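Working notes, beginning with the structure itself.
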Ligand code: CA
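In our numbering, the protein residues as written are 44 to 273.
Right, dumping it as structure tokens:
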């Protein structure tokens, strides 16, 4: 199943893109602002991103840059006028295609097919489960299974989401706010201690000695980082 993420703040436009894509058999994710769109992109697997340029919170240019840094998911950029398109082209952000509004859905579908055809990976790779690894810890995201030092361990959902985020960002400091947001899936909980409780439980599962953690490292005043090497 090909999955497409649409980030577009004009709701009627976003809904009609979603409708057209789903009619063609694509599975879609939909976000109406930059930050929640980026969060969806980070957490789920998508094969293509259809991205509006002018977005509240985090604009299309910023998202496009982050997507480029994160990997090889192709991007079709939507712009409101030709002058904006010039701006996008001038910045050479490496979007795979561009469409200027207003455009017809048929045009969008044709571009979508063309971009997917150009960028599609070999089928065996697309079908194999995605495995995230960091040292002796790994997640098989297809099976929702966590392995620590060769043994499968049971991990509750919030801790699973936290670990997934850590393994996607090895060595990078993740802020408390970001971890909380992801752990609780967008539902922001203000209870500051909840995160520490889940980190402690996660350490009990992944650390050889939870009392002196060498994987999930505290970064004082900021958050945590996952250390893939020991
Ligand atoms: Ca817009």
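No residue lacks a Cβ here, since even glycine has one placed at the ideal position from N, Cα and C.
Keep in mind it's a predicted model, so treat the numbers as computed, not measured.
Exposure label - residue i; buried when at least 16 CB within 10 Å
{"i": "residue 151", "result": "buried"}
{"i": "residue 88", "result": "exposed"}
{"i": "residue 170", "result": "Confidence is the limiting factor: at residue 170 the pLDDT is only 46, short of 50, which leaves the residue's position unreliable, though a coordinate-based value still follows. Result: exposed."}
{"i": "residue 176", "result": "exposed"}
{"i": "residue 157", "result": "exposed"}
{"i": "residue 146", "result": "exposed"}
{"i": "residue 254", "result": "exposed"}
{"i": "residue 200", "result": "exposed"}
{"i": "residue 187", "result": "exposed"}
{"i": "residue 180", "result": "buried"}
{"i": "residue 214", "result": "exposed"}
{"i": "residue 202", "result": "buried"}
{"i": "residue 110", "result": "buried"}
{"i": "residue 189", "result": "buried"}
{"i": "residue 167", "result": "Confidence is the limiting factor: at residue 167 the pLDDT is only 42, short of 50, which leaves the residue's position unreliable and the question unanswerable from this model."}
{"i": "residue 165", "result": "Below a pLDDT of 50, predicted positions are generally treated as unreliable, and residue 165, at 47, falls in that range; no measurement from the model is reported."}
{"i": "residue 57", "result": "buried"}
For residue j and residue i, believed in contact at Cβ under 8 angstroms, the rounded distance
{"i": "residue 72", "j": "residue 83", "result": "5 angstroms"}
{"i": "residue 219", "j": "residue 238", "result": "6 angstroms"}
{"i": "residue 118", "j": "residue 107", "result": "6 angstroms"}
Selection from the options that minimises the alpha carbon distance to residue i
{"i": "residue 126", "options": "113, 140, 105, 96", "result": "96"}
{"i": "residue 94", "options": "63, 120, 109, 77", "result": "120"}
{"i": "residue 266", "options": "217, 140, 78", "result": "217"}
{"i": "residue 257", "options": "212, 203, 178", "result": "178"}
{"i": "residue 63", "options": "154, 270, 161, 261", "result": "154"}
{"i": "residue 196", "options": "75, 212, 46, 246", "result": "246"}
{"i": "residue 249", "options": "117, 194, 211, 102", "result": "194"}
{"i": "residue 65", "options": "160, 213, 46, 162", "result": "46"}
{"i": "residue 243", "options": "212, 198, 59, 214", "result": "198"}
{"i": "residue 184", "options": "160, 272, 211, 159", "result": "211"}
{"i": "residue 85", "options": "159, 241, 222", "result": "222"}
{"i": "residue 79", "options": "60, 48, 209", "result": "48"}
{"i": "residue 55", "options": "44, 70, 74", "result": "74"}
{"i": "residue 70", "options": "53, 59, 44, 52", "result": "44"}
{"i": "residue 102", "options": "60, 57, 52, 61", "result": "52"}
{"i": "residue 148", "options": "141, 60, 241", "result": "60"}
Check whether residue i and residue j have beta carbons under 9 angstroms apart
{"i": "residue 113", "j": "residue 144", "result": "no"}
{"i": "residue 251", "j": "residue 260", "result": "no"}
{"i": "residue 50", "j": "residue 91", "result": "no"}
{"i": "residue 174", "j": "residue 205", "result": "no"}
{"i": "residue 105", "j": "residue 77", "result": "yes"}
{"i": "residue 268", "j": "residue 209", "result": "yes"}
{"i": "residue 139", "j": "residue 160", "result": "no"}
Near ligand 1, which residues have their beta-carbon closer than 6 angstroms to a heavy atom? That gives 52, 53, 95, 97, 98.
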